[in-house]
Every structure is written in C-alpha cells, then in structure tokens.
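Participant: Residue numbers (full-length UniProt numbering): 1 to 95.
A virtual CB, placed ideally from N, CA and C, is assigned to each residue, including glycine.
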C-alpha cells in the first residue's frame with residue numbers, strides 16, 4: 001500500500017488540496033454484493049474513511065463512518081507490505 005501522511009497545510013490528493021486529511025493511500029477492500037477484492041484510493045479525514053476508484057476521482061464511491069474511534073500510527077519495520085501503518089481502534093458504543 002502506498003500511503004501519504006498529511007501535513008498541517010493539507011496534501012495534494014485527487015487533484016485538489018485537501019484539508020483535515022490524516023492519511024491517504026491505496027488499500028484493498030472486499031465488495032459488498034460480489035465478494036471480490038478491489039484496490040481503492042482511501043482518504044481518512046477525522047472520523048470518516050472515504051474511498052474512490054482512483055486518485056483523480058472527486059466523488060467518493062463510499063464512506064465508512066468511524067465515530068468515537070481512534071487512529072493509531074505504527075512504525076514499519078520494513079517487513080510489512082506498506083511503508084506506513086495505522087490501526088483504527090474501535091471506540092466505546094454509546095447507549
């Protein structure tokens with residue numbers, strides 16, 4: 001997975017300067033109806049993980065809402081497939 005970290009001034013993503021982007025890069029996701037794997041361009045903004053067909057798209061194919069979750073960055077030891085690693089840690093459910 002290629003991934004880019006965001007700077008405080010935003011990053012260049014999908015042809016636009018994006019603000020509030022925590023991470024973006026290529027990930028693979030399984031389809032909802034037909035269970036095949038697709039490579040998609042993902043953009044993590046706060047509590048929302050948006051995915052697009054490619055970097056140039058401006059309209060998201062979908063959004064995964066992550067309310068109350070925490071994104072934790074992990075260092076790469078060079079053996080993992082990606083240069084940067086992060087984990088989405090589930091938050092507590094509100095009753």
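(1) Do you know how far the Cα of residue 75 is from the Cα of residue 47?
(2) Which first and last residues belong to the beta strand (DSSP E) in which residue 61 is found?
(3) Going by other Cβ atoms of all chains shown within 10 Å of its Cβ, with 16 needed for buried, is residue 43 buried or exposed?
(4) Quick check: the Cα distance between residue 87 and residue 34, rounded to an integer number of angstroms?
(5) When the Cα atoms are used, what is the spatial distance from residue 20 to residue 31?
(6) Take the Cβ of residue 61 as the centre, count every other Cβ of all protein chains shown within 10 Å, and call the residue buried at 16 or more, exposed below.
(7) Opposite residue 72 in the DSSP bridges: which residues?
(8) For residue 65, which of 54, 49 and 73 has the nearest alpha-carbon?
Facilitator: This is what the structure holds:
(1) 22 Å
(2) Segment: none, residue 61 is in no beta strand (DSSP E) and carries neither H nor E.
(3) Burial of residue 43 is indicated by the presence of at least 16 other C-beta atoms within 10 angstroms of its C-beta.
(4) 26 Å
(5) 27 Å
(6) exposed
(7) In the DSSP secondary-structure assignment, residue 72 is bridged to 87.
(8) 49
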